[in-house]
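Enquirer:
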Amino acid sequence: MLSKILLGVGLFATVFAVLIFSGKIPLGNKQATAQGEVILWGTFPESQMNAIVQDFNPKAKTYRVTYREIPVNVFDQKLLEALANGNGPDLIMGPYETILGQSSRIYPFPLTSLSEKGFKDTYVDGAAGVFFGLYGATALPVSIEPMVLFYNRTLFSKHGIINPPQYWDELSTIVPTLTLMNNNGQFVESGVALGAPNTPYMKDILMAIVAQLGQVPVLKQYDGTGVPYLTVIANQTITTDGDILPLSSAVRFFAQFADPTQKTYSWNQFSGDADKLFVAEKVAMYIGYSGELETLRARNPRAEIEMTSLPQTRNYNTFATGMRMYGVATLKTSKNLTAALMTEAQFAGGEFSPKLAAIVGGVPALRSFAAAPGLSPVISKGMLVARGWQDKFSKQSTDYASTMISDILNNRQTVTDAVNTFVSRLQDLYSPLK
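Numbering (numbering that gives the first Met the number 0), first residue to last: 0 to 433.
1. Return helix, strand or coil for residue 217, following the three-state DSSP convention.
2. Using only the alpha-carbon positions, how far apart do residue 41 and residue 199 sit?
3. Taking C-beta to C-beta, are residue 101 and residue 61 nearer than 7 Å?
4. What residues are listed by DSSP as bridge partners for residue 228?
5. Pull up the distance between the alpha-carbon of residue 430 and that of residue 349, whole angstroms please.
6. DSSP three-state call for residue 436: helix, strand or coil?
7. What are the uninterrupted segments assigned as alpha helix (DSSP H) that are 4 or more residues long and contained completely in the segment 321 to 394, given in chain order?
8. Just curious, the alpha helix (DSSP H) that residue 142 is in, first and last residue?
9. On the CB-based measure, 16 or more other CB atoms within 10 Å of its CB, does residue 403 come out buried or exposed?
10. Please tell me whether residue 160 and residue 382 are closer than 7 Å, where the distance is taken between their beta carbons.
11. Tell me the rounded alpha-carbon separation between residue 128 and residue 181.
12. So the candidates are 81, 110 and 90; which of them puts its Cα closest to the Cα of residue 328?
13. For residue 206, which residues in the same chain have their Cβ closer than 7 Å to its Cβ, ignoring the five residues on either side in sequence?
14. Would you tell me roughly how many angstroms separate the C-alpha atoms of residue 418 and residue 248, rounded to the nearest one?
15. Give me the Cα-Cα distance between residue 79 and residue 166, rounded to the nearest whole angstrom.
16. At what residues does the beta strand (DSSP E) containing residue 63 begin and finish?
17. By alpha-carbon positions, which one of 149, 77 and 174 ends up nearest to residue 274?
18. Quick one, are the C-beta atoms of residue 175 and residue 281 less than 7 Å apart?
19. Please report the distance separating the alpha-carbon of residue 97 from that of residue 359.
20. Have a look at residue 376 and residue 224 and give me their C-alpha separation to the nearest angstrom.
21. List the residues that DSSP assigns as beta-bridge partners of residue 94.
22. Return the chain-ordered list of same chain residues with a C-beta closer than 7 Å to the C-beta of residue 426, the five sequence neighbours on each side being excluded.
23. Between the alpha carbons of residue 105 and residue 331, how many angstroms are there, rounded?
24. Between residue 92 and residue 37, which are expected to be in contact by the criterion C-beta below 8 Å, what is the C-beta distance as a whole number of angstroms?
25. How long is the line joining the alpha carbons of residue 326 and residue 135, rounded to whole angstroms?
26. Would you kindly report the start and end of the unbroken alpha helix (DSSP H) that includes residue 276?
27. Indicate the three-state DSSP secondary structure (helix, strand or coil) for residue 303 in the structure shown.
28. Going along the chain, which residues of its own chain have a beta-carbon closer than 6 Å to the beta-carbon of residue 190, five neighbours each way excluded?
29. Use the C-beta contact count for residue 424: other C-beta atoms within 10 angstroms, 16 or more gives buried, fewer gives exposed.
30. Following the continuous beta strand (DSSP E) through residue 189, name the residue where it begins and the one where it ends.
31. Report the option in 428, 416, 395 and 414 whose CA atom is closest to the CA atom of residue 202.
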């Protein structure tokens with residue numbers, strides 16, 4: 000399967016990689032020869048990265064990569080300490096949120112090498128949304144996974160449900176049918192793992208719905224001198240057949256599934272681990288990322304686990320889903336800038352990005368890959384419409400989102416007040432940023 004899919008990677012990516020290796024693409028104002036060692040720090044497992052590096056280095060010939068794994072939860076701190084001591088890496092590689100968090104320290108990939116049109120022609124749209132700026136690409140993407148809906152075909156059939164939901168209102172309609180409770184009010188089977196703070200990818204789901212409503216949580220703009228600034232617009236009113244507050248609408252929809260007074264009640268903060276219960280066939284639907292499919296199936300080969308597109312918001316002329324994306328970026332402090340930029344381009348090209356993506360369960364973020372033979376149609380469409388946002392403070396925003404949902408479910412705040420608090424906290428994070 001993988002060999003067939005690799006054949007679908009587009010010509011541009013291949014030519015781009017060849018030219019980078021040969022030094023024929025200008026990096027900056029002139030062509031320079033890449034030599035010496037390039038230090039790469041990343042969140043990818045070192046055991047698997049070593050095989051890729053061993054394959055890469057002989058082809059690079061005049062330069063070589065040395066890789067070091069840094070866990071994502073300590074990445075920022077380790078990098079800050081290393082840079083303060085003058086022994087930081089040349090490149091970093093990890094989740095796009097981690098890359099964005101280091102954007103002030105990153106050397107953009109030169110426009111002379113990859114223009115905005117070239118970037119957008121090469122990579123999926125979601126990559127441009129988080130990585131491309133006025134002065135070039137902050138990073139180049141190496142992997143993407145669209146957010147999807149997993150469902151158990153056996154449980155669907157058991158309750159007479161023929162097809163998975165295409166829209167959120169359809170999901171709400173079938174959840175009561177798929178949810179069974181005992182006399183003590185405990186779930187025997189849950190329709191969907193959704194609604195409580197312990198919902199996997201809670202913040203991602205909320206922001207995917209916001210994207211479907213036509214809004215981004217944080218908007219990147221430039222002032223008159225070209226200096227970037229970020230504005231939090233997470234709940235600004237959108238007028239579409241009436242005034243809509245996107246985040247409030249998303250939160251209200253989400254929270255109903257953990258509200259015992261609602262007919263859609265199917266999950267709560269005491270329900271346990273959603274993925275384990277889904278694999279055990281105690282949950283009919285589970286929202287996650289496409290790369291999880293094979294792992295979920297492997298954990299229970301007898302379960303008929305299927306994957307479909309994330310439900311959409313009806314009556315909106317949009318089709319959007321969330322994304323998990325990884326990228327590679329060169330630091331301004333690199334002691335070997337030319338080789339670092341060449342490595343960045345090569346890792347994001349047609350030869351090495353499929354191998355990197357496979358490590359994290361994703362697929363290359365190359366647009367051409369969407370037409371690869373043998374690729375799941377759910378992934379093919381999903382990778383083209385997957386969207387992220389300027390989530391520079393991912394840990395904090397996740398904590399804020401969890402608190403927002405918890406405050407609503409425990410009647411500490413109304414939806415309106417909880418969302419306003421969340422937005423205010425985001426504004427506090429982003430207001431000093433330039």
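A virtual CB, placed ideally from N, CA and C, is assigned to each residue, including glycine.
In this text the structure is predicted, and so the values were computed from the model without any measurement.
Expert: Short version:
1. Three-state result, residue 217: strand.
2. C-alpha of residue 41 to C-alpha of residue 199: approximately 24 Å in a straight line.
3. By the CB criterion at 7 Å, residue 101 and residue 61 fall outside the cutoff.
4. As computed with DSSP, residue 228 is found in a beta bridge with 220.
5. For residue 430 and residue 349, the distance between alpha carbons rounds to 39 Å.
6. Given that the chain is displayed from residue 0 to residue 433, the structure contains no residue 436 and the question cannot be resolved.
7. Entirely contained in the segment 321 to 394, the alpha helix (DSSP H) runs reaching 4 residues are, in chain order, 336 to 346, 352 to 358 and 376 to 384.
8. Counting along the chain, no alpha helix (DSSP H) covers residue 142; the unbroken beta strand (DSSP E) around it starts and ends at 139 to 151.
9. Residue 403 counts as buried, since no fewer than 16 other beta carbons sit within 10 angstroms of its beta carbon.
10. Between residue 160 and residue 382, the gap from beta carbon to beta carbon reaches 7 Å or more.
11. Residue 128 and residue 181 have their C-alpha atoms some 46 Å from each other.
12. The shortest Cα separation from residue 328 among 81, 110 and 90 belongs to 90.
13. Excluding positions up to five away in sequence, the list reads 216, 321 and 388.
14. Spanning the two alpha carbons is a distance of roughly 10 Å.
15. In this structure, the alpha-carbon of residue 79 lies about 44 Å from that of residue 166.
16. Bounds of the beta strand (DSSP E) holding residue 63 are 62 to 68.
17. The shortest C-alpha separation from residue 274 is found at 149.
18. Contact: no.
19. So the alpha carbons of these two residues sit roughly 15 Å apart.
20. Approximately 44 Å, taken between the alpha carbons.
21. Answer by DSSP bridge pairing, in chain order: 325.
22. Excluding positions up to five away in sequence, the list reads 231.
23. Distance between the alpha carbons of residue 105 and residue 331 is about 5 Å.
24. Here residue 92 is actually not in contact with residue 37; their C-beta atoms are around 12 Å apart, not less than 8 Å.
25. Their backbone Cα atoms lie some 14 Å apart in a straight line.
26. Residue 276 -> alpha helix (DSSP H) spans 273 to 278.
27. When secondary structure is reduced to three states using DSSP, residue 303 falls in the coil class, being assigned neither helix nor strand.
28. Same-chain partners within the cutoff: 174, 177, 178, 265 and 283.
29. Classification for residue 424: buried.
30. From DSSP, the beta strand (DSSP E) with residue 189 extends over 186 to 191.
31. For the set 428, 416, 395 and 414, the Cα lying nearest the Cα of residue 202 is the one of 395.
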